[in-house]
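Notes follow once the structure below has been shown.
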Amino acid sequence: MTQLTVSARPRPNPYLPIDSLDPEAELMLLHFGPQHPSTHGVFRMDLYLDGEIIVKAVPYVGYLHRAVEKLCEKLTYVQQTPIVDKNDYVAPMTNEQALVMVFEAMLKLEVPRRARWMRSLFAELQRIASHLLAIGTFSLDLGGALGGGSTAFIYCFRERELILDLFEDVTGSRFHYNTHTIGGNRHDLPVGWGAKVKAALELIESRMPEFAALTIENHLFQQRTKGVGVLEGALALELGITGANLRASGVDHDLRRDAPYSAYDEVKVKVATASGGDCYARSIVRVEEVKESIRLCRALLDGMPEGPINSGKPVKLPVQTKIPVGQTYVGIETPRGELGTWVIADGTQNPYRLKIRPPSLHALAALPYILPGQTVSDAVAILGSLDPIMGEVDR
Amino acid sequence: MNEFVRGGLYGGGIIVGIMSSLLFVLWAERKMAARMQSRIGPNIIDPTGFLQAMSDVLKLLQKEDIIPEKADRALFNLAPVFGAAAALAVAAVVPFSASIVGADLDVGVLYLLAVGAVSVLPVFAAGWGSNNKFALLGAMRAIAQSVSYEVPLVLAALVPVMLAGSMKVSDIVAWQASHHWLVVWPFFLGVPAFVLFMLAMLAESNRIPFDIPEAESELVAGITTEYSGMKFGLFYMTEYLHTVIASAVAASLFLGGFDGPGGPGIWWMVIKTFVLVVAIYWLRWSLLRFRSDQLMALCWRWLVPSGVVLVVATALWVVFAA
Chain A
3 MTQLTVSARP
13 RPNPYLPIDS
23 LDPEAELMLL
33 HFGPQHPSTH
43 GVFRMDLYLD
53 GEIIVKAVPY
63 VGYLHRAVEK
73 LCEKLTYVQQ
83 TPIVDKNDYV
93 APMTNEQALV
103 MVFEAMLKLE
113 VPRRARWMRS
123 LFAELQRIAS
133 HLLAIGTFSL
143 DLGGALGGGS
153 TAFIYCFRER
163 ELILDLFEDV
173 TGSRFHYNTH
183 TIGGNRHDLP
193 VGWGAKVKAA
203 LELIESRMPE
213 FAALTIENHL
223 FQQRTKGVGV
233 LEGALALELG
243 ITGANLRASG
253 VDHDLRRDAP
263 YSAYDEVKVK
273 VATASGGDCY
283 ARSIVRVEEV
293 KESIRLCRAL
303 LDGMPEGPIN
313 SGKPVKLPVQ
323 TKIPVGQTYV
333 GIETPRGELG
343 TWVIADGTQN
353 PYRLKIRPPS
363 LHALAALPYI
373 LPGQTVSDAV
383 AILGSLDPIM
393 GEVDR
Chain B
2 MNEFVRGGLY
12 GGGIIVGIMS
22 SLLFVLWAER
32 KMAARMQSRI
42 GPNIIDPTGF
52 LQAMSDVLKL
62 LQKEDIIPEK
72 ADRALFNLAP
82 VFGAAAALAV
92 AAVVPFSASI
102 VGADLDVGVL
112 YLLAVGAVSV
122 LPVFAAGWGS
132 NNKFALLGAM
142 RAIAQSVSYE
152 VPLVLAALVP
162 VMLAGSMKVS
172 DIVAWQASHH
182 WLVVWPFFLG
192 VPAFVLFMLA
202 MLAESNRIPF
212 DIPEAESELV
222 AGITTEYSGM
232 KFGLFYMTEY
242 LHTVIASAVA
252 ASLFLGGFDG
262 PGGPGIWWMV
272 IKTFVLVVAI
282 YWLRWSLLRF
292 RSDQLMALCW
302 RWLVPSGVVL
312 VVATALWVVF
322 AA
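Residue numbers (our numbering), protein chains in the order written: chain A, 3 to 397; chain B, 2 to 323.
Now the structure itself:
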C-alpha cells in the first residue's frame, strides 16, 4: 500500500454563514438544481453569486433517497443484489460485486478462480462503459445538448451500447444484471462470447481517436477544463475522495493494485495518474483508464480459467443463507472510486446493519472547497468532471 | 411604381421567402446533425423528416401560454415579437438579386449594423421581464457579448465599404461584380475580414461556440427559461432567422452577393447563403462552448485589434494600390 500523507494546513471553513464572508457584497442566491439539466440527476446547490463569480456553494443531497440500506436490513442476504444494482446505476456490476464480496468475506467462502476472473472481466467492461458515459456527459455539460457536446455524448453512448449488449448476452438484462451471487456468479459465459468481446473492444479502441478529437484533444475543451476546479491531493485525501478524482490530483492510489481482490492479484493493473487536479486531469485519467481497461479485458479473456463458477451450496430458500455474528468492511475500486460495504451481522438471515460508502458522495464534498472563485459555467464543468451518480450518493 | 408599394411587395416577398426557407434550414440542420452523430434524424412524420418542422410548429401553437405571475407582462410578451422583427428587419437592405431588394438604402451597411445591434434589446427585455434568475444571468451575458462583438463586426464590415467606396449594399455587390469577389482579391484583406465578420456574426446571433446567453447546460435555457408555446417558438425561430440573414449579409458583402459565374441571379444568393448556413451548423455540431470571460477575452484581445489592423491596412490599400 502506498503511503498517503495528509497535509496539516488549515483550510477556511466553506460552510460559514454568508454574512461572515463579505457582508457588504450584494450577492445573488441561485438555487442550482434539483431540476437543473446539468446536475447529473437530482442534486441541488445553493450558489451565492457575485455577478457570475461563485462566492459560496452549499451542496444538498438526498433528493434520490430510496432507503436502500434500510431495505437491505429487511431483505435476506440472497435478496439484496438486485437492490444495490440501482445504487450506482451507471456501473451496476461493481455494486453487486462489492456487496457479495463482503458477504463472502464474512462467510469465509472461497470463490472459484473462474468466478473471480469473470468478476474482474465484468468490472473492467463496466469501467469502460461507465467512463465512456462520464466523458460523454461531461462534454454535454461543456457543450450543451444542441451542439458539439451532444456529438461527443452520442459517440460515447454508441460505444457504451456495445458493452451493454455484451452484458445482455451473459445475464439477459442490459442494466440491472443480478449476476453476482454469494460464492460466485449466476450466469456462465456463453459459447463464443469471448470473440464478441474482443470484436467490441477492437471497435471501441479504433473509435477512441474520434471522440478524443472532440473532447480531450479539442482546443475549446482544454480551454474550458485546464486550471478549472483544481482539487489538491491533500484536500482530496482529507475528504475521502477516491477513484479517478483522487488519481487526477496526483495521489497514486488504486485498490485494484494496492489491495488486490478478484483476479487483480494475477492480472496487474497499471494505474493512471495525473498531477493537475483540474477538470482536464480528471478527464485524462478517465480516458487512460479506458485504455488500460481494454488491455485488462483482453488479458482476462485470454487467461480465463475453466472450472466451476460458484462455490456456494445451492440454496432452495433465501432464508437459508445465514451469516455468523460479526462485522466486516470490504471496499473495491469501482469506476467512481472506493465503494465500501460495511455489514454488521447478528446471526440471522438479515444483516443487523448494512452501510454503503459511496465514492460519489465524497466527491461532492469537494464542491464547497473548489467552487468559490469560479463562474457558474465552471460550476457545471466541475460537477460534471467529478462524475457523481446521484443514485449512489443518496442511496 | 410607387416606392412604398414596391418596397412593401418585395419586402413581403422576402419575408415570406426567408420564413419558408427556415423549414428547409431546420430540416437540413437536423439531418446533418443526425448524420454527424451517426443517427438517422427525424423520419416518423414522413420518411424524409421534412414535415417535422411543421409538426413542431403545430405543437408549439397548441401549447398553453404560461406567463409567470411576477413577470413584467409587457416586456415578457413583446420581447419575442421584437426579437423576430429585429432579425427580419436586417434583411430589408440585402439585395437578393438586382431587383429583389426591400429598400436599397444609401447607408445600407450602417442600417444593417444598427438594426442588428437592436436585437440585443429584446433579449434584455426577455431576461428582465421573465423575473427569473437564470434568464437574468443569460441576458446579462447576452448584453456583454453583443455590445463587445459589435466592434469587430463594424470593423469587418468597414473593409468592403472602404474598398467599394459606398455604404450601399448593392454598390458593394456591383463593385465585386466588376472587380473580384472580396475573398478572391484582395484576399489578404477579404478573407480575414470575412472570417472576422462571420465570427462576430456568430457571436451576435448567439450560435455555438458563442451561445452562452442560453447555455442550456448552465442556465437551464437562459433567456427562454420562462417561455413556453409559440413565444418560445418565436425565440427559436429568431435564432434561425439570425443565422440565415447573417449568412445572406456575409454573402453579399464578401462573396459577391447575387453575382456569380453564368450571370447574376437570385440562385447565387440562395446557394451562397446555404453554404454559409451549413458551415455555421457544421461548427455548431462539432464545437463546445466558450465561457463568457473567455469570449470577452477573445473579442477584446484578438478580434478588435486585428479588426483595427485590418481597417488600417485596407485604408492603405485603397490609397496606394487600388
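C-beta: ideal position from N, C-alpha, C; glycine also.
Remark: C-beta atoms of ILE334(A) and GLN99(A) approach each other more closely than 8 Å. Residue range 46-52 is occupied by the beta strand (DSSP E) that includes ARG46(A).
Rounded to the nearest whole angstrom, the C-alpha separation of PRO36(A) and LEU299(B) is 33 Å. Within the segment 196-262 of chain A, no beta strand (DSSP E) run of at least 3 residues lies entirely inside it. For the segment 302-314 of chain B, the beta-carbon criterion of a distance under 8 Å to any beta-carbon of chain A is satisfied by none of its residues. Between ALA368(A) and LEU233(A), the gap from beta carbon to beta carbon is short of 8 Å.
Burial is judged here by how many other beta carbons sit within 10 angstroms of a residue's own beta carbon; GLY109(B) has at least 16 and is buried. Residue pairing by DSSP places MET30(A) opposite LEU51(A) in a beta bridge.
Identification of chain B residues near ASP380(A) by a Cβ-Cβ cut-off of 8 Å yields ARG292, ordered along the chain. Minimum Cα-Cα distance from VAL245(B) among the listed residues VAL6(B), GLU4(B), ARG7(B), LEU24(B) corresponds to LEU24(B).
Chain-order list of chain B residues neighbouring ARG160(A): SER39, by C-beta distance under 7 Å. The Cβ-Cβ distance between GLU291(A) and ARG129(A) falls below 8 Å. Residue contact with chain B for HIS38(A): present (Cβ-Cβ distance below 8 Å to some residue of chain B). Against chain B, a Cβ distance below 9 Å from MET392(A) picks out nothing, because the smallest value is about 17 Å. For THR377(A), there is no enclosing alpha helix (DSSP H), as DSSP marks it with neither H nor E. In the DSSP annotation of this structure, LEU304(B) is not part of any alpha helix (DSSP H), being labelled neither H nor E.
One Cα belongs to PRO307(A), the other to GLU54(A), and the distance between them is close to 57 Å. At a cut-off of 8 Å between beta carbons, LYS134(B) contacts chain A. Residues of the segment 50-84 of chain A whose Cβ lies closer than 9 Å to any Cβ of chain B, in chain order: LEU51, GLY53, GLU54. Chain B has no Cβ within less than 8 Å of the Cβ of PHE213(A). Going by beta carbons, ALA383(A) and ASP48(A) fall outside the 8 Å limit. For PRO161(B), the enclosing alpha helix (DSSP H) stretches over residues 134-165.
The straight-line gap separating the alpha-carbon atoms of ASN15(A) and ILE372(A) is approximately 12 Å.
Below the 7 Å Cβ cutoff, chain B contributes LEU289 as neighbours of ASN220(A), in chain order.
Listed along chain B, the residues sitting closer than 7 Å to ARG226(A) by beta-carbon distance are LEU289, ARG292. DSSP lists GLY342(A) as the beta-bridge partner residues of ARG359(A). Per DSSP, GLY386(A) has no beta bridge partner at all.
At a cut-off of 8 Å, the C-beta of ARG285(B) has a neighbouring C-beta in chain A. Only exposed fits ARG302(B), as fewer than 16 other CB atoms lie within 10 angstroms of its CB. Taking the C-beta atoms as reference points, LEU197(B) is found nearer than 8 Å to LEU304(B). GLU308(A) carries a coil assignment under DSSP once its states are collapsed to helix, strand and coil. If you compare the alpha carbons of TYR354(A), TRP195(A), THR244(A), ILE325(A) with that of PRO390(A), the shortest gap goes to THR244(A).
The Cβ atoms of VAL160(B) and LEU311(B) sit closer than 8 Å to each other.
Within the segment 215-290 of chain B, there are no complete beta strand (DSSP E) runs of at least 3 residues.
The beta carbon of GLN146(B) does not come within 8 Å of any beta carbon belonging to chain A, so the residue lies off that interface. Below the 7 Å Cβ cutoff, chain B contributes LYS134 as neighbours of LEU32(A), in chain order.
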